[in-house]
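One structure below.
There are 2 protein chains.
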Amino acid sequence: MVNSEITNVYVTEDSYECTVTVDCAVFGFQDGVLKLLLVQKLSDLPFKGYWLLPGGIMQEGKTAEEAIDDVLFKLTGIQDVHHEQVHCYSSVNRHPLKRVITICFYALVKPENHPIIRKKHEKGVEWFRLDEVPILGFDHEVLKKDALQKLKSNVEERLILGELLPEKFTLTELQILYEALTDQKLDRRNFRKKIIQKGLLKHTGEKKTGVKGGPELFELK
Amino acid sequence: MVNSEITNVYVTEDSYECTVTVDCAVFGFQDGVLKLLLVQKLSDLPFKGYWLLPGGIMQEGKTAEEAIDDVLFKLTGIQDVHHEQVHCYSSVNRHPLKRVITICFYALVKPENHPIIRKKHEKGVEWFRLDEVPILGFDHEVLKKDALQKLKSNVEERLILGELLPEKFTLTELQILYEALTDQKLDRRNFRKKIIQKGLLKHTGEKKTGVKGGPELFELK
DNA sequence: CTTTTCTGTGTAATATATACACAGAAAAGA
DNA sequence: TCTTTTCTGTGTATATATTACACAGAAAAG
Chain A
138 MVNSEITNVY
148 VTEDSYECTV
158 TVDCAVFGFQ
168 DGVLKLLLVQ
178 KLSDLPFKGY
188 WLLPGGIMQE
198 GKTAEEAIDD
208 VLFKLTGIQD
218 VHHEQVHCYS
228 SVNRHPLKRV
238 ITICFYALVK
248 PENHPIIRKK
258 HEKGVEWFRL
268 DEVPILGFDH
278 EVLKKDALQK
288 LKSNVEERLI
298 LGELLPEKFT
308 LTELQILYEA
318 LTDQKLDRRN
328 FRKKIIQKGL
338 LKHTGEKKTG
348 VKGGPELFEL
358 K
Chain B
138 MVNSEITNVY
148 VTEDSYECTV
158 TVDCAVFGFQ
168 DGVLKLLLVQ
178 KLSDLPFKGY
188 WLLPGGIMQE
198 GKTAEEAIDD
208 VLFKLTGIQD
218 VHHEQVHCYS
228 SVNRHPLKRV
238 ITICFYALVK
248 PENHPIIRKK
258 HEKGVEWFRL
268 DEVPILGFDH
278 EVLKKDALQK
288 LKSNVEERLI
298 LGELLPEKFT
308 LTELQILYEA
318 LTDQKLDRRN
328 FRKKIIQKGL
338 LKHTGEKKTG
348 VKGGPELFEL
358 K
């Protein structure tokens, strides 16, 4: 039991501690399509057999950000990914058996950089094309929807693309990504104008070889 | 101790429960300026005497949203306010004495609708003009900054004004508010065009009396 | 060296944002 | 009641941003 007076201005009734979990919608971009990494719940009801966003308990001494790193590594072998916080979910009955609150993140990765290593399961860690994602268990449909929305607005507003681009990239590479992530199709010339005037890119003067047309390479400022 | 296997896909090491607090940046609009409601920490170190965003422990069986309602009511007497979630803060040392994570909200109210009732303190609950807010204790400077930014973007993008407007209002009333909340000055004619084409307003056909010019009243759709 | 497929660019048309001034309505004051 | 004050409501010209659209040149592929 915590001494609830410690913080003084906090209400002074009985304290309460709660299990905190972290979940992460890991989006992967591969073969020109957006995918979502899911983990299957193999054990007991409820939601036995359902697919879920990877998630786990926030351990003592860890921030939520560290916790999600740990959880992703332990469940899927994925490491060193940039993530953004989406929302905290605290409905009392979001888990049927036990009160847990969840802090949800999203991450954006290249699947080929992160071979899946099923540390805790023999099966049940898979990439799904976004248009083929099964119905998720618990309230993860909501988490998925909110994460996707946050992803899109972060890409449109701030060009937060995680590790999806190499350090130097062509505008066409950027456009393919941008279109897939924001789910729209743009004219090449107009995209170039729009993206350049955001002021987030820098010319390198270099050209990419091995590709027709000899496109110029850019990098993020 | 929780059975950490319950959720199956969650990591299976020892579980951990954590005190969860909720804090709220309550913004008030009065006399044409934006104010922030703060509570003074009267007891012990650390941060004795510092002003803080009102906050408290999330009690068992409450969602974070319910918890913030409870906390605000108990600390300040404020009830029935709309709030928006801002972020969840989980640094391990954000509270020097005890691990607590905080879910931070903001709310937007008319101070005159909410007479302060200091249920838990004899003094130390006050409205501050935003440009006169003292340095806050714990990490509440960060919470304040993030809340203010979220407030502005919610107002600009979605015209979320809490209870600040009466049901029917004139465009000038709306403009004064909008300008104060987003911290900018706009031309009246241009504001009208911009705000009407957002498509969130509805003409009522009625005019406001007791004010020169006989302005038309609008309402939210 | 010919073909293919990519890149890079400009302009006209439209929509949006900004700057700016005057006439009419209602209240306030004489 | 009538004159003054102060508010409201509106339009247009300019600049800026968005959209639509086509062809010449670069590099790889054959």
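Those sequence lines, one after another, are chains A and B.
The numbering of the first sequence is the numbering used here, which starts it at 138 and goes up by one.
The numbering of the second sequence is the numbering used here, which starts it at 138 and goes up by one.
Cβ coordinates follow ideal geometry from the N, Cα and C atoms, glycine included.
As the structure is a prediction and not an experimental result, all values here were calculated from the model.
Nearest to residue i by CA position, among the options, is which residue?
i: H340/B; options: P352/B, F265/B, T346/B, V348/B; result: P352/B
i: V346/B; options: E249/B, Y226/B, F306/B; result: Position check: residue 346/B holds Thr in this sequence, whereas Val was assumed. It is F306/B.
i: P233/B; options: D276/B, E316/B, L314/B; result: D276/B
i: A204/B; options: L190/A, P191/A, L174/A, S228/A; result: S228/A
i: L296/A; options: Y153/A, N230/A, I333/A; result: I333/A
i: A201/A; options: F265/B, I313/B, R236/B, R266/B; result: R236/B
i: D181/B; options: G274/B, I240/B, D268/B, Y153/B; result: G274/B
i: K358/B; options: E269/B, L175/B, E278/B, E304/B; result: E304/B
i: S152/B; options: K199/A, P183/A, P191/A; result: K199/A
i: F210/A; options: C225/A, V176/A, N230/A; result: V176/A
i: E294/A; options: P271/A, L189/A, K331/A, V246/A; result: K331/A
Can you give me the Cβ contacts of residue i inside the same chain, cut-off strictly under 6 Å, excluding the 5 residues immediately before and after it?
i: L179/B; result: G261
i: R255/A; result: V262
i: T156/B; result: V237
Which same chain residues end up closer than 7 Å to residue i when comparing Cβ atoms and leaving out the 5 residues on each side of it in sequence?
i: I253/B; result: T213, G214, V262
i: N250/A; result: E300
i: Y243/A; result: C161, A162, F164, H220, E221, V223, A284, K287, L288
i: P248/B; result: G165, Q167, K172, W264
i: N145/A; result: Note on N145/A: pLDDT 46, under 50, position unreliable in the model; no value is reported.
Show which residues of chain B have a CB atom less than 8 Å away from the CB atom of residue i.
i: E154/A; result: E154, C155, T156, V157
Could you tell me which chain A residues have their CB closer than 9 Å to the CB of residue i, listed as they occur along the chain?
i: H220/B; result: Ordered by position in chain A, no residue passes the 9 Å Cβ test against H220/B, which lies about 13 Å from the chain.
Taking residue i as the query, report the chain B residues whose CB atoms sit under 9 Å from its CB, ordered along the chain.
i: I240/A; result: C225, S227, I238, I240
DSSP state of residue i, grouped into three classes?
i: E197/A; result: coil
i: D181/A; result: coil
i: Q167/A; result: strand
i: F328/B; result: helix
i: K172/B; result: strand
i: H219/B; result: coil
i: H277/B; result: helix
i: K339/A; result: strand
i: R266/A; result: strand
i: K344/B; result: strand
i: T307/A; result: strand
i: D160/A; result: strand
i: E353/B; result: strand
i: V229/A; result: coil
Cβ closer than 7 Å: which chain A residues qualify as neighbours of residue i?
i: T200/B; result: S227, S228, V229
Please go through the same chain and pick out, in chain order, the residues whose beta-carbon is closer than 8 Å to the beta-carbon of residue i, but skip the five residues on each side of it.
i: K322/B; result: E316
Which term fits residue i, buried or exposed, when burial requires 16 or more other beta carbons within 10 angstroms of its beta carbon?
i: K287/B; result: buried
i: I238/A; result: buried
i: I194/A; result: buried
i: L337/B; result: exposed
i: G186/B; result: exposed
i: V348/A; result: exposed
i: K281/B; result: buried
i: G192/A; result: buried
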